[in-house]
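Peer 1:
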Amino acid sequence: MKAAILYNFNQDFKIEETKPKGVGVKVNVAATGICGRDIVIWKGGFRNLKTPIILGHEIVGYYKDKPVAVYPNINCGKCEYCKKGKENLCDNSIIIGENQDFTGGYAEEVIVPENNLISLPDEDFEKYAAALDPLATSIHATKLVNINKDSKVLVTGAGGGVGVHLVQYLKYLGINNVYALTSKGEKLKEFTENVVTDIKSLKFDIIFELVGSKTINDSLRALNKEGTLILIGNVEGEPITLLRPALSIMRQHKIIGSASYTKKEYEEAIRLIHEKKIKPIYQTYDLSDINRAYKDLQNRKVFGRAVLKIR
Numbered sequence: 001m002k003a004a005i006l007y008n009f010n011q012d013f014k015i016e017e018t019k020p021k022g023v024g025v026k027v028n029v030a031a032t033g034i035c036g037r038d039i040v041i042w043k044g045g046f047r048n049l050k051t052p053i054i055l056g057h058e059i060v061g062y063y064k065d066k067p068v069a070v071y072p073n074i075n076c077g078k079c080e081y082c083k084k085g086k087e088n089l090c091d092n093s094i095i096i097g098e099n100q101d102f103t104g105g106y107a108e109e110v111i112v113p114e115n116n117l118i119s120l121p122d123e124d125f126e127k128y129a130a131a132l133d134p135l136a137t138s139i140h141a142t143k144l145v146n147i148n149k150d151s152k153v154l155v156t157g158a159g160g161g162v163g164v165h166l167v168q169y170l171k172y173l174g175i176n177n178v179y180a181l182t183s184k185g186e187k188l189k190e191f192t193e194n195v196v197t198d199i200k201s202l203k204f205d206i207i208f209e210l211v212g213s214k215t216i217n218d219s220l221r222a223l224n225k226e227g228t229l230i231l232i233g234n235v236e237g238e239p240i241t242l243l244r245p246a247l248s249i250m251r252q253h254k255i256i257g258s259a260s261y262t263k264k265e266y267e268e269a270i271r272l273i274h275e276k277k278i279k280p281i282y283q284t285y286d287l288s289d290i291n292r293a294y295k296d297l298q299n300r301k302v303f304g305r306a307v308l309k310i311r
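Those letters in the sequence shown? Residues 1 to 311, per UniProt numbering, in order.
#1: If the criterion is Cβ atoms closer than 7 angstroms, does the pair residue 315 and residue 174 meet it?
#2: Would you kindly work out how many angstroms separate the C-alpha atoms of residue 102 and residue 200, rounded to a whole number?
#3: Curious, which full-length beta strand (DSSP E) runs of at least 3 residues does the segment 195-264 contain?
#4: Along the beta strand (DSSP E) that carries residue 3, what are the first and last residues, could you check?
#5: Counting beta carbon pairs with one atom in the segment 64-82 and one in the segment 102-118, are three or more of them shorter than 8 angstroms?
#6: Taking only runs of the alpha helix (DSSP H) that begin and end inside the segment 89-151, which ones reach a length of at least 4 residues, in chain order?
#7: By DSSP, does residue 188 sit in helix, in strand, or in coil?
#8: Rounded to a whole number of angstroms, what is the C-alpha to C-alpha distance between residue 82 and residue 186?
#9: Apart from the five residues on each side of it in sequence, which residues of its chain come closer than 8 angstroms, Cβ to Cβ, to residue 44?
#10: Within 10 Å of its beta-carbon, does residue 288 have 16 or more other beta-carbons around it, so buried, or fewer, so exposed?
#11: Given 8 angstroms as the limit, is there contact between the segment 152-171 and the segment 195-212, that is, 3 or more CB pairs closer than that?
#12: Using a 10 Å radius around the Cβ and a threshold of 16 neighbouring Cβ atoms, would you call residue 229 buried or exposed?
#13: Helix, strand or coil for residue 85 per DSSP?
#14: Just mark residue 258 as buried or exposed, buried being the case when its beta carbon has 16 or more other beta carbons within 10 Å.
#15: Tell me residue 305's beta-bridge partners as DSSP assigns them.
#16: Are there three or more Cβ pairs, one per stretch, closer than 8 angstroms when the segment 123-137 is compared with the segment 272-290?
#17: Could you name the residues of the same chain whose beta carbon sits closer than 7 angstroms to that of residue 274, not counting the 5 residues immediately before and after it, in chain order?
#18: Looking at the structure shown, is residue 290 part of a helix, part of a strand, or coil, going by DSSP?
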């Protein structure tokens, strides 16, 4: 098969012929989303990962000529979290594309456990590759906080893949006051009128922190007493330092980490996309253009998700 292989962090992918690795059944990949997590890995932010590696976990394609999505978390099914239906917290999980034994979706084929396959209701692969992971992440994150229609909510990094779909999902839930912090304001006004580039004069009940180290201290300053910050991403992969921890102590802030999503939440995302409750926002690239896609993402030229067309 043809694949984009990362041999060294912070360097270009090489398009080469190779063989897929994994245990299970073979899926012919149609499209794969490029996750913000992939960017952090590419930068060398996951120090336990070794190269060469084939990244990509937002995978859709064909299995036995039927359209499928690949749930990216391979779980043990035996630990206390798996038994509680919290397989996103599995003690022994493997994420497809982040382990040399399970090559990822920046390739024409993947081999995955059959149990990780989910049927798709149509063959519009690019929209699923773009929005499945961001939307499932959004579904999971909103369950971790006491949110209601009158909550004043901020999404940082709202022009990115997760951000633009999270803003939509919050509006879908009926939240009236959804604010989007982004430099891509005009494009986001389709989904919320509250688009901002500065939050110094604003206060919020709930903040979904997608950027991490660069914005978290501004976010905490803008968080009300007894407010909640849900930490979803850290796009630079740099250590997060709280500049004024006393502020969060005295305001009784809650800071909650959000760990990906469950298989049921992935299935819920498929339903919402198919029913057009959420509009997938993305830009497509051929597999051979993967290095251009990464450069565009680094330079913030992509609104929403970047999607690799494999076939």
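Don't be surprised by glycine CBs; every beta carbon is placed ideally from N, CA and C. Being a predicted model, the structure only gives us computed values, none of them experimental.
Peer 2: Quick look at the numbers:
#1: The chain is shown from 1 up to 311; residue 315 falls before or after that span and cannot be answered.
#2: Approximately 45 angstroms between the Cα atoms of the pair.
#3: Listed in chain order, they are 204-209, 223-231, 254-257.
#4: In the DSSP assignment, residue 3 falls within the beta strand (DSSP E) that extends over 2-5.
#5: By the C-beta criterion, the segment 102-118 is judged to be in contact with the segment 64-82, since at least 3 inter-stretch pairs fall below 8 angstroms.
#6: Whole alpha helix (DSSP H) segments, 4+ residues: 125-142.
#7: Secondary structure at residue 188: helix, using DSSP grouped into helix, strand and coil.
#8: C-alpha of residue 82 to C-alpha of residue 186: approximately 42 angstroms in a straight line.
#9: Spatial neighbours of residue 44 in its own chain (CB-CB distance under 8 angstroms, excluding positions within 5 residues in sequence) are listed in chain order as 9, 10, 237.
#10: Under the 10 Å beta carbon count, residue 288 is surrounded by fewer than 16 other beta carbons and is classified as exposed.
#11: Remark: three or more beta-carbon pairs, one from each stretch, lie closer than 8 angstroms, so the segment 152-171 and the segment 195-212 are flagged as touching.
#12: By the neighbour-count criterion, in which a residue is buried when 16 or more other Cβ atoms sit within 10 angstroms of its Cβ, residue 229 is buried.
#13: In the structure shown, residue 85 sits in coil (DSSP, three-state: anything other than H, G, I, E or B).
#14: Around the beta carbon of residue 258, 16 or more other beta carbons sit within 10 angstroms, so the residue counts as buried.
#15: Beta-bridge analysis with DSSP links residue 305 to 282.
#16: Touching, per the Cβ criterion.
#17: Correct list, in chain order: 121, 122.
#18: Note: residue 290 maps to helix in three-state DSSP.
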